[in-house]
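Heads up: the structure comes next, in structure tokens.
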Ligand SMILES: CC(C)(COP(=O)(O)OP(=O)(O)OC[C@H]1O[C@@H](n2cnc3c(N)ncnc32)[C@H](O)[C@@H]1OP(=O)(O)O)[C@@H](O)C(=O)NCCC(=O)NCCS
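Residue numbers (the working numbering): 104 to 513.
Next up, the structure:
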């Protein structure tokens, strides 16, 4: 078994601080502008939209050296919401790079999340190695698909179409939560994600709901349009949101999309392959590609195991021996007992005397199993887990069900 993790001890004179406008603003806008190729004004807008309280700065002897943005959110696993913290905008100033500072920054952020009580952490990585080294692992897939709108069926719907307003937000959230509970890896959209979907790049998306005669929201979508030179000046639609509450809602949304066909020749979306939208189409004409995997880190084993959902009615007992040099509180033996699908989690001092289903793995491998992205047997093939055949199979049965996907990019 080999673990890619390395301990990341705190270093003298390096401190992780919350962003303070007077102290960091001037440098931050330049750093973000340089690293993420945006103008200082765009960098300022990012701070404003994200909220400055989410920004962290790693200083070396009082000098700004690196930054990250930490966003509280919830992600669904096993049908339940798990408290997680997304990371984005990770950047190390060029003079400090290739010296373990990116790793130190992430380790310090993880220690903060652990103290704050987060169960998990997630991100999209520009380099996997950096994040894998501190315990993140690929845990689900982000897809992108393109469809010529001529393949949308010319269906009709009696539902009323109306532009969404702020007052519709609770009904929207209810549909999102119900759908996300069926889709491991999906986010319960937070104040950081909603504006990115409804105001991509600072411009309003077109957002519509389909309502029944009682005024109930049955589905909604949001999209942005752009002219496509390659489409003979017809338009390309980026469909950012597509949420149907039921069959009628689904039909209403498809009819609404199709009604744009005269000007819109192509649509691009991150809806995952399992979305009912794809199955509702008469032909398989979408070009789908796997864009990247999101990475997950288990921050607190106890809370992560306790908050996640498990297969209904399942009874099981598993003991995990976790290796975590970055967050040592996770290190050691964890027992997960499932009684009728309900978890009881306990930390053990040692492996129990009586025979048990015991698995050894590093905390990154555990994240890949936890999300349901990788069966335990695959982690053994990867050299990241060790266990008997039956323990591997039982762990897979407890954690792996539907394909794990995340349509949001953050
Ligand atoms: C990516 C970045 C944060 C790494 O910072 P860093 O301080 O150089 O990272 P570390 O020194 O801790 O590197 C950790 C590991 O990741 C690897 N790594 C670092 N930068 C890498 C890169 N650009 N490509 C591939 N691997 C990289 C290193 O090889 C290192 O492993 P090693 O020690 O075994 O060689 C930094 O280069 C940066 O700010 N880049 C521009 C912005 C960016 O890409 N941000 C990430 C957004 S998710």
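Quick reminder that beta carbons are idealized off the backbone N, C-alpha and C, glycines included.
*Could you tell me the boundaries of the beta strand (DSSP E) in which residue 398 lies?*
It spans 390-401 - the beta strand (DSSP E) in which residue 398 sits, taken as one unbroken run.
*Note down, in chain order, each residue of its chain lying with its Cβ closer than 7 Å to the Cβ of residue 354, except the 5 sequence neighbours on either side.*
Cβ neighbours of residue 354 within its own chain (closer than 7 Å, five residues either side excluded): 258, 260.
*asked:* Shorter than 6 Å, the distance from the beta carbon of residue 206 to the closest heavy atom of ligand 1, or not?
replied: It does: the Cβ of residue 206 is within 6 Å (strictly closer) of some heavy atom of ligand 1.
*Please state whether DSSP places residue 272 in a helix, a strand or coil.*
Judged by DSSP in its simplified three-state form, residue 272 adopts helix.
_Does the distance between the C-beta of residue 161 and the nearest non-hydrogen atom of ligand 1 fall short of 6 Å?_
For residue 161, the distance from the CB to the nearest heavy atom of ligand 1 is not below 6 Å.
*Is any heavy atom in ligand 1 found nearer than 6 Å to the beta carbon of residue 233?*
Between ligand 1 and the CB of residue 233, the shortest heavy atom gap is smaller than 6 Å.
_In whole angstroms, give me the CA-to-CA distance for residue 122 and residue 169._
So the two alpha carbons sit approximately 11 Å from each other.
*Residues bridged to residue 189 (per DSSP)*: DSSP lists 174, 225 as the beta-bridge partner residues of residue 189.
*Have a look at residue 215 and residue 287 and give me their C-alpha separation to the nearest angstrom.*
Spanning the alpha carbons of residue 215 and residue 287 requires a straight line of approximately 26 Å.
*Would you give the residue range spanned by the alpha helix (DSSP H) that residue 481 belongs to?*
Looking at the DSSP string, the run of the alpha helix (DSSP H) that includes residue 481 is 479-484.
*asked:* Below 6 Å, is the gap between the Cβ of residue 229 and the nearest heavy atom of ligand 1?
replied: With a cutoff of 6 Å, residue 229 counts as near ligand 1, since its C-beta is closer than that to a heavy atom of the ligand.
*Which same chain residues, not among the five before or five after residue 306, have their C-beta less than 8 Å away from its C-beta?*
Around residue 306, the same chain offers 327 as residues with beta carbons nearer than 8 Å, after the five sequence neighbours per side are excluded.
*asked:* Can you check which of these residues, 240, 460, 340, is closest to residue 251 by C-alpha distance?
replied: A check of alpha carbon separations from residue 251 across 240, 460, 340 identifies 340 as the nearest.
*Based on the DSSP secondary-structure assignment, which residues constitute the bridge partners of residue 325?*
Per DSSP, 310, 344.
*Under a Cβ-count criterion, where at least 16 other Cβ atoms within 10 Å of its own Cβ denotes burial, should residue 450 be classed as buried or exposed?*
Counting Cβ neighbours within 10 Å, residue 450 comes out exposed, since fewer than 16 surround it.
*asked:* I'd like to confirm the pairing. Which residues does DSSP put opposite residue 266 in its beta bridges?
replied: When DSSP reads this structure, residue 266 sits in a beta bridge with 311.
*Quick one: does the C-beta of residue 136 sit closer than 6 Å to a heavy atom of ligand 1?*
No, the Cβ of residue 136 stays beyond 6 Å of every heavy atom of ligand 1.
*Could you name the residues of the same chain whose beta carbon sits closer than 6 Å to that of residue 498, not counting the 5 residues immediately before and after it, in chain order?*
Counting only Cβ-Cβ distances below 6 Å, and skipping sequence neighbours, we find 421, 462, 479.
*Per DSSP, what kind of secondary structure is residue 436 in: helix, strand or coil?*
Correct three-state label for residue 436: strand.
*Cβ-based burial, residue 402 [other Cβ within 10 Å; buried from 16]*: When all chains shown are included, residue 402 counts as buried.
_Beta-carbon proximity list for residue 127, same chain, < 7 Å, skipping 5 on both sides_ = Spatial neighbours of residue 127 in its own chain (CB-CB distance under 7 Å, excluding positions within 5 residues in sequence) are listed in chain order as 160, 167.
_Neighbour-count burial assignment, residue 510, 16 or more Cβ in a 10 Å radius_ = Burial call: buried.
*For the alpha helix (DSSP H) containing residue 120, list its first residue and its last residue.*
Boundaries around residue 120 are those of the beta strand (DSSP E), 117-121, since no alpha helix (DSSP H) includes it.
_Only counting the same chain, and skipping five residues up and downstream in sequence, which positions put a Cβ closer than 8 Å to that of residue 247?_
Excluding positions up to five away in sequence, the list reads 371, 372, 373, 391, 392, 394.
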